[in-house]
Amino acid sequence: MSSPMFEVDYGRQSHLDCFPMVPGKASASCDVSARTFTTYRIRKNPNFANLRHFNEQGIVREICFSTLHAVSRPPGPKPHDASFGYLVFEVMDDHKPHDLAWLGVPSVGQYVNFDEISCFSVRFEWFDEGQQTWLSMPMSRYNTGRAQMSEWVNELDVEKVLTPWRVAMDTLQVLEGRVYTEPLEGSPKKVSVLHARKLETDYLAQKYRWVSRESSAPRPVPAYAIWDDNFRLVKRLFETNSTHIATTGPYEMGSDLISREVGDRRAGSIVYRPCTFTAFSAQKELWGTDPPVDAKTNLSMYPTGPHQFLAYQNSMTLAQLCEATRVPVPLPEHLVEEAEAEEAEEGGGDGAQDDGDVGSGQE
1 MSSPMFEVDY GRQSHLDCFP MVPGKASASC DVSARTFTTY RIRKNPNFAN LRHFNEQGIV
61 REICFSTLHA VSRPPGPKPH DASFGYLVFE VMDDHKPHDL AWLGVPSVGQ YVNFDEISCF
121 SVRFEWFDEG QQTWLSMPMS RYNTGRAQMS EWVNELDVEK VLTPWRVAMD TLQVLEGRVY
181 TEPLEGSPKK VSVLHARKLE TDYLAQKYRW VSRESSAPRP VPAYAIWDDN FRLVKRLFET
241 NSTHIATTGP YEMGSDLISR EVGDRRAGSI VYRPCTFTAF SAQKELWGTD PPVDAKTNLS
301 MYPTGPHQFL AYQNSMTLAQ LCEATRVPVP LPEHLVEEAE AEEAEEGGGD GAQDDGDVGS
361 GQE
């Protein structure tokens, strides 16, 4: 492929770069029906991997991303060994849950399509000097609020229960340039990032072109769910011989069931769905048994069973979160290398580097 022509400066600045996937590229067999995703990446220092954005009033906020503390324990390459890298997001184009979602959420909640915010993954890519290759490690929102959930439910604090969901929804709004219409229901109308751009590819001419990433068409904020719809959805997704969907009062406390006092509907009401009561004997299997186990609940901290989708949860196992895998050279690095090589050929010199923040990762 010939060296690309850019409408925007190709210097190594902290652009939020958007790379749409071509249908058929998502599978080895070029199946055009395979799920596609859009990739967003921004050059960052691994110790300061944040997504900075501002609203229409100019108020700046940051969403911070990090790898698990457990990553530092085992031997092997780690993101923090590098001076810079790329914070990378993959957003599924169908907005259905990503297999390696940054945040796993309940399938049923206060809003229609509550689990839409599980449609994106986050990872960090860096160049490992020891192996002389680019590596990638997934990220997840470790603080899902599960430890404080009982307290928030008892206090009927809906906003605290929704905090992880809102952070993920804000991330989607930043990445996709979403603009919401009135009534906003507490959501920002529009948020922006500096230097957002999108890669367009002319396959016939075999050239790339950077264009400004425009805001998406205005849309309503996420709609409130209807209770009856949520009831039917919970019943379809989670009812088993060992799980009771609360159409009436729960079973007696002495039974083999997780139970609450009759009339206690706080837990279900605050997440806008019916309560579920599952037999202790089946609870672990339906939640998942992968270690490590939470000392308080005796349940897996990284669930893999179907009932993980009743709660906020880590969507990856500990082994997945600590695994560094080889990846191709990031396209922004590859494009800059091509452009610098072309300049060197035309100028007959060594090819001067850009005076941006090479190696620092700072904005």
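With the first letter of the sequence shown counted as 1, position 265 gets the number 265 in UniProt numbering; the numbers rise by one all the way through.
We treat Cβ as the ideally placed atom computed from N, Cα and C, and that holds for glycine.
Rounded to whole angstroms, what is the Cα-Cα separation between threonine 163 and glutamate 90?
Using only the alpha carbons, I get a separation of about 22 Å.
Looking only at its chain, what residues have a beta carbon closer than 6 Å to the beta carbon of histidine 15, apart from the 5 residues adjacent to it on each side?
Excluding sequence neighbours, histidine 15 sits near His195, Arg197.
Where does glutamate 185 sit, in a helix, a strand or coil, going by DSSP?
Looking at glutamate 185 - three-state DSSP - the assignment turns out to be coil, as it is neither helix nor strand.
DSSP three-state label for valine 226, please.
In the sequence as presented, valine is not what sits at residue 226; that position holds isoleucine. Coil.
May I ask you to list the residues that DSSP assigns as paired with valine 293?
Bridge partners of valine 293: Ser300.
Run the CB neighbour count on cysteine 18, radius 10 Å, all protein chains shown included, and call it buried at 16 or more, exposed below.
Buried: at least 16 other Cβ atoms inside 10 Å.
Determine the direct distance from the alpha carbon of arginine 213 to that of histidine 53, and round the result to whole angstroms.
If I take the Cα positions, the gap works out to 14 Å.
In the DSSP assignment, the alpha helix (DSSP H) including alanine 279 goes from what residue to what residue?
Here alanine 279 belongs to no alpha helix (DSSP H), and DSSP marks it neither H nor E.
Please specify which runs of the beta strand (DSSP E), each continuous and at least 3 residues long, are wholly inside the region 95-142, giving them in chain order.
For the region 95-142, whole beta strand (DSSP E) runs of length 3 or above, ordered along the chain, are 120-128, 133-139.
Would residue 367 be called buried (16 or more neighbouring beta carbons within 10 Å of its own) or exposed?
The first residue shown for the chain is 1 and the last is 363, placing residue 367 beyond what the model contains.
How many Å lie between aspartate 290 and alanine 34 at the Cα?
Going from the Cα of aspartate 290 to the Cα of alanine 34 covers about 30 Å.
Within the continuous beta strand (DSSP E) that includes aspartate 17, where are the two ends?
Note, aspartate 17: beta strand (DSSP E), 16-19.
Measuring CA to CA, which of Arg166, Lys207, Glu176 is closest to glycine 186?
Comparing Cα-Cα distances from glycine 186 to each of Arg166, Lys207, Glu176, the minimum goes to Arg166.
Excluding the five sequence neighbours on either side, which residues of its own chain have a C-beta within less than 8 Å of the C-beta of arginine 148, listed in chain order?
Reading the sequence as shown, one finds glutamine at residue 148 and not arginine. The answer, listed in chain order, is Lys160.
From proline 138 to histidine 80, what distance separates their C-alpha atoms?
Going from the Cα of proline 138 to the Cα of histidine 80 covers about 13 Å.
Considering only the alpha carbon of each residue, which of Pro306, Met316, Glu62, Glu333 lies closest to leucine 175?
The shortest C-alpha separation from leucine 175 is found at Glu62.
Determine the closest residue to asparagine 47 out of Tyr86, Cys275, Leu318, Gly104, with distance taken between C-alpha atoms.
Here the closest residue by C-alpha is Tyr86.
Report back the beta-carbon spacing between aspartate 128 and proline 75 to the nearest angstrom; my notes put them in contact at under 8 Å.
With 8 Å as the limit, aspartate 128 and proline 75 do not qualify as a contact, their Cβ atoms being about 13 Å apart.
Please state the DSSP three-state secondary structure of serine 33.
Here serine 33 sits in coil by DSSP.
What does the alpha-carbon distance come out to for the pair leucine 199 and histidine 95?
So the alpha carbons of these two residues sit roughly 21 Å apart.
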